[in-house]
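The next block holds one structure in the form of structure tokens; read it before the comments.
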Amino acid sequence: MQHPSEVKAAKNTVRLTSLCLKNIRVFIGEQPNDYMPLQQLDVESTFVVYPDQSDLFIESLPRTQLTKDKINLIFLDGTWKKTYKLLKLNPWLTRYKFISFAHMPKGQYHIRKAPRLDSLSTLEAIAYSLTQLEQLDVCPLYHLLDAMMEQQFSAMPTSVKQRYLDT
Numbered sequence: 001m002q003h004p005s006e007v008k009a010a011k012n013t014v015r016l017t018s019l020c021l022k023n024i025r026v027f028i029g030e031q032p033n034d035y036m037p038l039q040q041l042d043v044e045s046t047f048v049v050y051p052d053q054s055d056l057f058i059e060s061l062p063r064t065q066l067t068k069d070k071i072n073l074i075f076l077d078g079t080w081k082k083t084y085k086l087l088k089l090n091p092w093l094t095r096y097k098f099i100s101f102a103h104m105p106k107g108q109y110h111i112r113k114a115p116r117l118d119s120l121s122t123l124e125a126i127a128y129s130l131t132q133l134e135q136l137d138v139c140p141l142y143h144l145l146d147a148m149m150e151q152q153f154s155a156m157p158t159s160v161k162q163r164y165l166d167t
């Protein structure tokens with residue numbers, strides 16, 4: 001679920017993710033009618049990946065849950081303020097189980113400033129989820145992320161770039 005303001009953002013990691021993964025569907029909007037196909041997903045096999053909403057962690061999902069059927073993961077893409085707004089505008093999300101990360105990796109996406117320590121870009125959250133659930137090699141996703149950051153950094157004055165690298 002991508003907030004509309006993220007679509008044309010230069011730092012759009014969902015766009016990068018969709019270049020690497022074929023099983024990703026991006027729905028853009030704010031209101032419930034923008035997400036009708038997501039509202040039809042099976043309740044037992046669909047999870048909303050979002051921090052602080054549950055004691056259920058992706059690392060501890062039972063393997064039987066993962067092997068019996070395909071599972072669906074819903075990620076909210078936008079700033080913290082915008083993803084919170086998506087949550088509030090779409091109460092139908094509460095029919096699904098919320099899941100987060102018990103052992104969250106350190107974020108590698110240094111271009112953006114995040115107000116929370118548990119901040120990952122959507123690309124990083126998807127990559128970590130795929131590593132945990134399917135033991136996939138997600139290096140191609142991180143290579144794209146690195147290339148995008150390098151391109152962004154190359155356009156910055158050294159003093160500005162250093163502020164991002166020092167965090």
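Sequential numbering from 1 applies to the sequence shown in the working numbering.
For glycine and all other residues, C-beta sits at the position ideal for the given N, C-alpha and C.
From a predicted model like this one, the values you see are computed outputs, not experimental measurements.
Since residue i contacts residue j with CB under 8 angstroms, what's their CB separation in whole angstroms?
i    : j    : result
L56  : K97  : 6 angstroms
I24  : T17  : 6 angstroms
S5   : P51  : Between P51 and S5 the Cβ distance is about 21 angstroms, and since that is not below 8 angstroms, they are no contact.
S45  : K70  : 7 angstroms
A127 : V138 : 4 angstroms
In chain order, what residues of the same chain lie with their CB nearer than 7 angstroms to the CB of residue i, ignoring the 5 residues before and after it?
i   : result
R95 : V43
Tell me the rounded alpha-carbon separation between residue i and residue j.
i    : j    : result
E150 : H143 : 10 angstroms
N72  : S159 : 42 angstroms
V48  : P140 : 24 angstroms
P62  : V7   : 34 angstroms
S119 : Y84  : 13 angstroms
L41  : P157 : 46 angstroms
Q31  : L123 : 23 angstroms
I58  : A147 : 28 angstroms
P37  : Q152 : 34 angstroms
K81  : M104 : 21 angstroms
I74  : Y35  : 11 angstroms
Q135 : S121 : 20 angstroms
Q39  : L86  : 14 angstroms
T79  : A9   : 11 angstroms
Looking only at its own chain, which residues have a Cβ that is under 6 angstroms from the Cβ of residue i, when we skip the five neighbours before and after it?
i  : result
Q2 : V14, V26, I28, D77
Quick one: residues in its chain with C-beta nearer than 8 angstroms to the C-beta of residue i, no 5 flanking neighbours on either side, listed in chain order?
i   : result
S60 : A102
S19 : Strictly speaking, residue 19 in this sequence is Leu, with Ser absent from that position. So the qualifying residues of the chain are L144.
S54 : K97, F98, I99, S100
Next item on the list: At 4 residues or longer, and completely inside the segment 115-160: list those alpha helix (DSSP H) runs for me, N to C.
Entry: 122-134, 139-154
Notebook entry, point to check: Between the segment 128-144 and the segment 81-91, do three or more beta carbon pairs fall short of 8 angstroms?
Noted result: no
Next item on the list: Within the segment 14-96, note down every full alpha helix (DSSP H) run reaching 4 residues or more, in order along the chain.
Entry: 36-39, 63-68, 80-89
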